[in-house]
Amino acid sequence: MDENVESICELGLSELKKAEGPVGLERWYAAYLAKKGAIPSLLSKMRDLKPEERGAYGQAVNKAKEALSEAYAKKKALLEEEGLAKRLEAESIDITLPGKSAGLGHENPFRVIVDEVTDIFLDMGYEVVSGRDVEDDLYNFELLNVPKDHPARDMQDTFYLKGGRLLRTQTSAAQAHVMKERGGKTPIKMISPGKTYRRDDDDMTHSHQFAQIEGLLVDHNVSLANLKATLELFARKMFGQKREIRLRSSYFPFTEPSVEVDVSCFNCQGTGCAMCKGSGWIEILGAGMVNPKVLKMCGYDPEEWSGFAFGVGVERVAMLRYGIDDIRRFYQNDYRFLSPFKAK
1 MDENVESICE LGLSELKKAE GPVGLERWYA AYLAKKGAIP SLLSKMRDLK PEERGAYGQA
61 VNKAKEALSE AYAKKKALLE EEGLAKRLEA ESIDITLPGK SAGLGHENPF RVIVDEVTDI
121 FLDMGYEVVS GRDVEDDLYN FELLNVPKDH PARDMQDTFY LKGGRLLRTQ TSAAQAHVMK
181 ERGGKTPIKM ISPGKTYRRD DDDMTHSHQF AQIEGLLVDH NVSLANLKAT LELFARKMFG
241 QKREIRLRSS YFPFTEPSVE VDVSCFNCQG TGCAMCKGSG WIEILGAGMV NPKVLKMCGY
301 DPEEWSGFAF GVGVERVAML RYGIDDIRRF YQNDYRFLSP FKAK
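Everything in the sequence shown is counted per the UniProt record's numbering, starting at 1 for the first residue and increasing by one.
Right, dumping it as structure tokens:
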């Protein structure tokens with residue numbers, strides 16, 4: 001190696017040992033290996049040498065550069081390791097201290113009821129179908145046997161939108177969609193949970209927005225006895241194994257015959273109390289056999305197919321089970337109201 005190059009290399013290695021910390025190391029790098037450092041400066045002198053001297057000189061400079069670069073890399077790695085060790089020592093954590101557990105939120109009883117009812121019918125082999133909040137008049141009314149001049153429309157004060165569309169007043173619209181999609185060729189066993197909307201003045205028992213879980217079963221040889229057995233099983237799973245149900249004649253354009261369904265009071269066990277108004281029974285849902293007109297309009301031959309439908313009011317069930325006195329509480333996100341309902 002050229003004597004001048006060798007001396008610069010030895011000096012660089014000596015000063016590198018004295019460099020302290022990242023700042024000192026970078027100052028050394030700037031002095032020896034950076035663009036304007038000692039080693040690049042040596043390479044710039046090659047143009048002053050004779051051609052026959054340049055080869056040996058260049059090899060000497062490259063050798064010195066490799067030695068200094070290798071020493072720099074080792075020194076840098078050592079300093080980084082020492083720095084990490086110091087930080088770990090300064091930031092050490094006593095793992096024997098008790099941790100801080102993250103508190104779980106509180107589940108709205110509205111969601112509790114939706115999940116429970118859904119699970120009950122899933123266990124019975126029903127599928128869950130999501131409907132549409134914005135519907136066509138055809139699916140919300142006409143295919144459900146509620147033509148434009150039908151008096152039943154007066155029972156459902158509707159939010160109408162442009163283009164003949166509306167906010168659905170019942171989740172039964174999802175049933176009409178499924179029947180039309182199946183084309184009268186396959187059985188149906190479904191529930192449709194979702195929000196519904198009606199023009200109503202909000203008070204303790206009424207809301208312009210509320211939820212339903214409506215069910216539909218269409219198959220061969222379906223009878224009212226099948227409906228009663230299904231709802232009896234639902235009532236016992238939802239309100240307790242000792243519950244009984246009774247069917248009272250009613251009217252819905254979608255079903256014929258139609259019934260109101262009562263469950264024996266789970267507060268007084270049917271003996272009579274304030275909750276059941278002394279009757280021993282609480283109304284929980286409406287149901288009935290699917291009207292043959294509806295089956296026909298939706299593509300099912302009523303001579304071959306039959307079925308039943310039912311609808312559960314989510315807020316009503318939650319209010320009955322938990323003794324909630326105001327339907328508006330479900331939508332206010334009040335911590336005092338939600339706190340008893342721990343998330344799963």
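We put the CB at the ideal spot given by N, CA and C, even for glycine.
Handout entry: Cβ-based neighbour list, residue 270, same chain, cut-off 7 angstroms, excluding 5 preceding and 5 following
Key = The residue you call residue 270 lines up with position 270 of the sequence shown. Contacts found: 264 and 280.
Exercise for the section: Taking the CB atoms as reference points, tell me whether residue 111 and residue 135 lie closer together than 8 angstroms. Expected result: The residue you call residue 111 lines up with position 111 of the sequence shown. The residue you call residue 135 lines up with position 135 of the sequence shown. It is not a contact, given that the beta carbons lie outside the stated cut-off.
Exercise for the section: Less than 8 angstroms between the CB atoms is what I'm expecting for residue 177 and residue 338, so what's the real figure, rounded? Expected result: Indexing the sequence shown from 1 puts residue 177 at position 177. Indexing the sequence shown from 1 puts residue 338 at position 338. Contact flag wrong, Cβ pair sits at about 34 angstroms.
Practice task
Sort out for me which residues DSSP pairs residue 177 with in a bridge.
Solution key: What you label residue 177 is simply residue 177 of the sequence shown in a count that begins at 1. BP columns for residue 177 are empty, so no partner.
Exercise for the section: Give the secondary structure of residue 340 by DSSP, where H, G and I count as helix, E and B as strand, and everything else as coil. Expected result: Within the sequence shown, the letter at position 340 stands for residue 340. Note: residue 340 maps to coil in three-state DSSP.
Handout entry: Exposure of residue 146, with buried meaning 16 or more beta-carbon neighbours within 10 Å
Key = Here residue 146 refers to the residue found at position 146 of the sequence shown. By the 10 Å Cβ count, residue 146 comes out buried.
Problem - contact_flag[the segment 287 to 296, the segment 320 to 327] where n(CB pairs < 8 angstroms) is 3 or more - result: no
Practice task
Have a look at 124, 314 and 83 and flag the residue whose alpha-carbon is nearest the alpha-carbon of residue 195.
Solution key: Here residue 195 corresponds to residue number 195 of the sequence shown, with the count starting at 1. Closest option to residue 195, Cα to Cα, is 314.
Exercise for the section: Label residue 217 either buried or exposed according to how many other C-beta atoms from any shown protein chain fall within 10 Å of its C-beta, with 16 as the threshold for buried. Expected result: Counting from 1 along the sequence shown, the entry for residue 217 is found at position 217. The residue is buried, with at least 16 neighbouring Cβ atoms inside 10 Å.
Exercise for the section: Under the assumption that residue 19 contacts residue 74 (Cβ atoms under 8 angstroms), give the Cβ distance between them as a whole number of angstroms. Expected result: What you label residue 19 is simply residue 19 of the sequence shown in a count that begins at 1. What you label residue 74 is simply residue 74 of the sequence shown in a count that begins at 1. Their Cβ separation, rounded to whole angstroms, is 12 angstroms, which puts residue 19 and residue 74 out of contact at 8 angstroms.
Handout entry: Entirely enclosed alpha helix (DSSP H) segments - the segment 33 to 109, minimum 4 residues
Key = Along the length of the segment 33 to 109, whole alpha helix (DSSP H) runs at least 4 residues long occupy 38 to 44 and 51 to 90, reported in chain order.
Exercise for the section: Return the CA-CA distance between residue 1 and residue 87, expressed in angstroms with no decimal places. Expected result: Within the sequence shown, the letter at position 1 stands for residue 1. Within the sequence shown, the letter at position 87 stands for residue 87. Any answer about residue 1 is weak, because its pLDDT of 45 lies below 50 and its placement is not dependable; what the coordinates show is given next. Approximately 42 angstroms, taken between the alpha carbons.
Exercise for the section: With a threshold of 16 other CB atoms inside 10 Å of the CB of residue 214, please say whether the residue is buried or exposed. Expected result: Here the question's residue 214 lines up with position 214 in the sequence shown. Residue 214 comes out buried.
Exercise for the section: Could you tell me how far apart the beta carbons of residue 297 and residue 257 are, in whole angstroms, since I believe they sit closer than 8 angstroms? Expected result: For this step, residue 297 is matched to residue 297 along the sequence shown. For this step, residue 257 is matched to residue 257 along the sequence shown. With 8 angstroms as the limit, residue 297 and residue 257 do not qualify as a contact, their Cβ atoms being about 19 angstroms apart.
Practice task
Measure the alpha-carbon distance for residue 11 versus residue 96 and round it to whole angstroms.
Solution key: Locating residue 11 in the sequence shown gives position 11, counting from the first residue. Locating residue 96 in the sequence shown gives position 96, counting from the first residue. About 51 angstroms.
Handout entry: For residue 305, the three-state DSSP class (helix, strand or coil)
Key = Mapped onto the sequence shown, residue 305 falls at position 305. The answer is coil: DSSP assigns residue 305 none of H, G, I, E or B.
Practice task
With a cut-off of 8 angstroms on the beta carbons, I'd call residue 308 and residue 226 a contact; round off their distance for me.
Solution key: Taking the sequence shown and counting its residues from 1, the one referred to as residue 308 is at position 308. Taking the sequence shown and counting its residues from 1, the one referred to as residue 226 is at position 226. That pair is a contact at about 7 angstroms.
Handout entry: Range covered by the alpha helix (DSSP H) that runs through residue 129
Key = Within the sequence shown, numbered from 1, the residue matching residue 129 stands at position 129. From DSSP, residue 129 is part of no alpha helix (DSSP H); its letter is neither H nor E.
Exercise for the section: Quick one: measure Cβ to Cβ for residue 138 and residue 172, integer angstroms, because I've assumed they're closer than 8 angstroms. Expected result: Indexing the sequence shown from 1 puts residue 138 at position 138. Indexing the sequence shown from 1 puts residue 172 at position 172. Contact doesn't hold; Cβ gap of about 13 angstroms is too wide.
Problem - residue 215 - partner residues in DSSP beta bridges - result: For the purposes of this step, residue 215 is taken as the residue at position 215 of the sequence shown. In the DSSP output, where bridge partners are listed per residue, residue 215 has 191 and 310.
Handout entry: Distance between residue 64 and residue 39 (C-alpha atoms, nearest Å)
Key = Within the sequence shown, the letter at position 39 stands for residue 39. Within the sequence shown, the letter at position 64 stands for residue 64. For residue 39 and residue 64, the distance between alpha carbons rounds to 8 angstroms.
Problem - Coarse secondary structure for residue 248, derived from DSSP in three states - result: By 1-based counting over the sequence shown, the position of residue 248 is 248. Here residue 248 sits in strand by DSSP.
Problem - As assigned by DSSP and simplified to three states, the class of residue 1 - result: Numbered from its first residue, the sequence shown carries residue 1 at position 1. Confidence at residue 1 is low in this model, with a pLDDT of 45, below 50, so the placement of that residue is unreliable and no value is reported for it.
Exercise for the section: Label residue 47 either buried or exposed according to how many other C-beta atoms from any shown protein chain fall within 10 Å of its C-beta, with 16 as the threshold for buried. Expected result: If you number the sequence shown from 1, residue 47 lands on position 47. Answer is exposed; the Cβ neighbour count stays below 16.
Practice task
Between the Cα of residue 203 and those of 328, 77 and 260, spot the shortest distance and give me the residue it belongs to.
Solution key: Translated into the one-based positions of the sequence shown, residue 203 becomes position 203. Of 328, 77 and 260, the residue nearest in Cα terms is 328.
Handout entry: residue 4 burial status per 10 Å Cβ neighbour count (16 or more: buried)
Key = As a position in the sequence shown, residue 4 is number 4, starting the count at 1. Burial call: exposed.
Problem - Residue environment, residue 14, which counts as buried when at least 16 other CB atoms sit within 10 Å - result: Residue numbering aside, residue 14 sits at position 14 when the sequence shown is read from its first letter. That one is exposed.
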